[in-house]
Amino acid sequence: MGKIVGIDLGTTNSVVAVLEGGEPVVIANAEGNRTTPSIVAFSKNKERLVGQAAKRQAVINPENTIFSIKRLMGHSVDEVKTEAERLPYEVVAGPSGDARVRVPATGKEYAPQEISAMILGKLKKDAEAYLGEDVTKAVITVPAYFNDSQRQATKDAGKIAGLEVMRIINEPTASSLAYGLGERKDGLIAVYDLGGGTFDVTILEIAEGVFEVKSTNGDTYLGGDNFDERIISWLADEFKKDSGIDLRSDRQALQRLKEAAEKAKIELSSTLSADINLPFITADASGPKHLNVTLTRAKMESLVDDLVQRTIEPSKAALADAKLKTSDIDAVLLVGGMTRMPAIQEAVKKFFGKEPTKGVNPDEVVALGAAIQAGVLGGDVKDILLLDVTPLTLGVETLGGVATPMIDRNTTIPISKSQVYSTAADNQTQVQIHVVQGERPMAKDNKSLGQFILDGIPPAPRGIPQIEVTFDIDANGILNVSAKDKATNREQKITITASSGLSDSEVDRMMEEAEKHASEDAARKEAVEVKNQADGAVFTTEKFLKDYGEQLPSDAVSSAQAKIDELKAVMEGDDIAAIKAATEALNEHLQQLGAQMYQNVDGAAPGPEADAAGAASGGTDEAADDEDVIDAEFTES
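Oh and the sequence shown: position 514 is 514 in my numbering, straight run, nothing missing.
Right under this line is the structure:
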């Protein structure tokens, strides 16, 4: 059985890890880095770039560079309108109203699952290079507060990338696994996870290898991107004050501001001020304009203070749901790159009344935990049991548009729960089951996960038929719903796929496209290698003619030059077979020239090299006779 890898599919960066010798290890990518930017770009010639290569060209190609795609996962376009307005790329509605990305370079629309699959594909390839074997199975992490649609979208992304997703695991829970395995301490821990796009807080109890989630809360629209936005807005305002030009309307300038904001934010975690210098940021009739400002840590903290405070309410709610006080918590674990910010560390310390644990790398701990869970599933890790919870209440819409709960939030999963409902009208022969997720009392105010119809109910007065609705949540937190008429035993089952999700046929099509792209990549790589070999053959032959051409007949030199010209001509095109054939012909001709040159000098008096060789071979015995050979014995003292 091949290795199961653990993947942290992040908003800003992604990480892949694997269990080796019972310990989780982060796998460095092809560029030698331990984290891979969660960015996909398409160049003008339709070449796909993923990770660092995509990030490097973002400034000059903003409309074709896709970042923070995780924030669009499992959402309809209406749900992400505000989010879409701040993005330099275009967000459009898909066939079922789901959010998709339009890429001008390719003229195509991509689902967030497809873009995420490209990132997963890069991680898969890097893991395969490290392990020396195919990687087909993975444990992928998601924010604890991800709803059913977002979890299903993540699973679809894995499938499109050619990965069997063995388990979807919550990021804070994964972090606790890495912490628990390393520290080996039992007790109540709070995981405060503030990443690039989402915030989660989870309360867990660790006891003798059992990791039991008590409660979870969070905000899937709060993360490092929001902090960057505040700095970008401040930079744009400062520049407008000085020059009268609003940079927000210039996509390229906006991308430069984003990079500068992110860099300054990171810098201010360790320094008190950061200089931001962006020459030639724009131009007007008077000439080019430059942005030169200094951002202090105090100023940045004032810009983002309300965002920091927004993390405290979910923390209070998580403690309340777990029926605990801050004094009950034994350790606070910080996860996510944003927790390096001193203001956040101070806010966490003030709220929980204790210094947060800093013994783990906040960027890597989630992937390490996912690798441990992969080890549990693969049988490599024993004595660990993970008991996770569903983050939001699940229910059905009943008479009057009320959301009637079936499974309350923070219920341990997997779980199955049934409830009997009846008809709302006389002689009703079918019922529509509308499944919702959220905490609001009315169904319309919650997230609609999907709906289906149970028909064939015998006509009867209202309230008489008995329809048993069963909610079944698996260990991935993904919901299956069934409805059964108890009189006829007629049953209807569905795995919930949201109206904003992908159909099976779409997932299959995207898988085929991903495989096709992989073969196109292989063909492109082969083309580069063949042309490199051809270049090498031309260089070697030209050098040979330059060095030894005078010792060869003129017709042999002319023939060689003709073959060089022939190869150069076919190299202008893309016919790989023709380039291979011409390269082979040139290499064969070069060998013939070499043999011919040696034939020309055959029979001539041996030169100094030949004499030396003769001395080395023929004179050995004589030399040996003349030498005094001394046998030495070596004795250990």
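Don't be surprised by glycine CBs; every beta carbon is placed ideally from N, CA and C.
Item: Excluding the 5 residues flanking residue 511 on each side, which residues of the same chain have their C-beta closer than 6 angstroms to its C-beta?; Value: 160
Item: Evaluate residue 82 with the Cβ neighbour count: other Cβ atoms within 10 Å of its Cβ, from every protein chain shown; 16 or more gives buried, anything less gives exposed.; Value: exposed
Item: Would you mind listing the beta strand (DSSP E) stretches within the stretch 255 to 337 that are 3+ residues and don't spill past its ends, in chain order?; Value: 273 to 284, 287 to 296 and 331 to 335
Item: From the DSSP secondary-structure annotation, give me the bridge partner or partners of residue 24.; Value: 19
Item: Could you give the C-beta distance for residue 55 and residue 9, rounded to a whole number, given that I count them as a contact under 8 angstroms?; Value: Contact flag wrong, Cβ pair sits at about 16 angstroms.
Item: Quickly, what does DSSP pair residue 372 with across the bridge? List them, please.; Value: In the DSSP output, where bridge partners are listed per residue, residue 372 has none listed.
Item: Taking its Cβ as the centre, do 16 or more other Cβ atoms sit within 10 Å of residue 98, making it buried, or is it exposed?; Value: buried
Item: Taking the CB atoms as reference points, tell me whether residue 455 and residue 467 lie closer together than 8 angstroms.; Value: no
Item: When burial is assigned at 16 or more other CB atoms within 10 Å of the CB, is residue 288 buried or exposed?; Value: exposed
Item: Just the C-alpha distance for residue 578 and residue 268, rounded to the nearest angstrom, thanks.; Value: 57 angstroms
Item: On the three-state DSSP scale, how would you describe residue 59?; Value: coil
Item: Within the same chain, show all residues whose beta-carbon is closer than 6 angstroms to that of residue 172, passing over the 5 residues directly before and after it, in chain order.; Value: 144, 191, 193, 200 and 202
Item: Pull up the distance between the alpha-carbon of residue 593 and that of residue 564, whole angstroms please.; Value: 14 angstroms
Item: Counting only the same chain and skipping the five closest in sequence on each side, list residues whose C-beta sits under 8 angstroms from that of residue 608.; Value: Any reading at residue 608 needs caution, since the residue's pLDDT is 44, under 50, leaving its predicted position unreliable; the model's value is listed next. Correct list: empty, nothing qualifies.
Item: Using DSSP's beta-bridge definition, name the partner residues of residue 447.; Value: 437
Item: How do the stretch 379 to 391 and the stretch 418 to 433 stand: do at least 3 beta-carbon pairs fall below 8 angstroms, yes or no?; Value: no
Item: From which residue to which residue does the beta strand (DSSP E) around residue 416 run?; Value: 415 to 421
Item: If you pair each beta-carbon of the stretch 366 to 374 with each one of the stretch 24 to 35, do three or more pairs fall below 8 angstroms?; Value: yes
Item: From 87, 228, 103 and 3, pick the residue whose C-alpha is nearest to that of residue 129; which is it?; Value: 3
Item: Please determine, among 349, 543 and 398, the residue with the shortest C-alpha to C-alpha distance to residue 444.; Value: 398
Item: Quick one: what does DSSP say residue 170 is sitting in, helix, strand or coil?; Value: strand
Item: Straight-line CA distance for residue 475 to residue 140?; Value: 13 angstroms
Item: With distances taken Cα to Cα, identify the nearest neighbour of residue 567 among 557, 580, 556 and 362.; Value: 580
Item: How long is the line joining the alpha carbons of residue 237 and residue 334, rounded to whole angstroms?; Value: 33 angstroms
Item: According to DSSP, simplified to helix, strand and coil, what is residue 466?; Value: coil
Item: What's the call for residue 16, buried or exposed, on a 16-neighbour Cβ count within 10 Å?; Value: buried
Item: Assign residue 290 to buried or exposed, taking buried as 16 or more other Cβ atoms, counted over all protein chains shown, within 10 Å of its Cβ.; Value: exposed
Item: Pull up the distance between the alpha-carbon of residue 151 and that of residue 177, whole angstroms please.; Value: 20 angstroms
Item: In whole angstroms, what separates the C-alpha of residue 19 from that of residue 179?; Value: 15 angstroms
Item: Would residue 256 be called buried (16 or more neighbouring beta carbons within 10 Å of its own) or exposed?; Value: buried
Item: What residues are listed by DSSP as bridge partners for residue 405?; Value: 395
Item: Identify every residue that forms a DSSP beta bridge with residue 14.; Value: 36
Item: Within its chain, find whatever has a CB closer than 8 angstroms to the CB of residue 416; leave out the 5 residues flanking it on each side and keep chain order.; Value: 470, 471, 472 and 473
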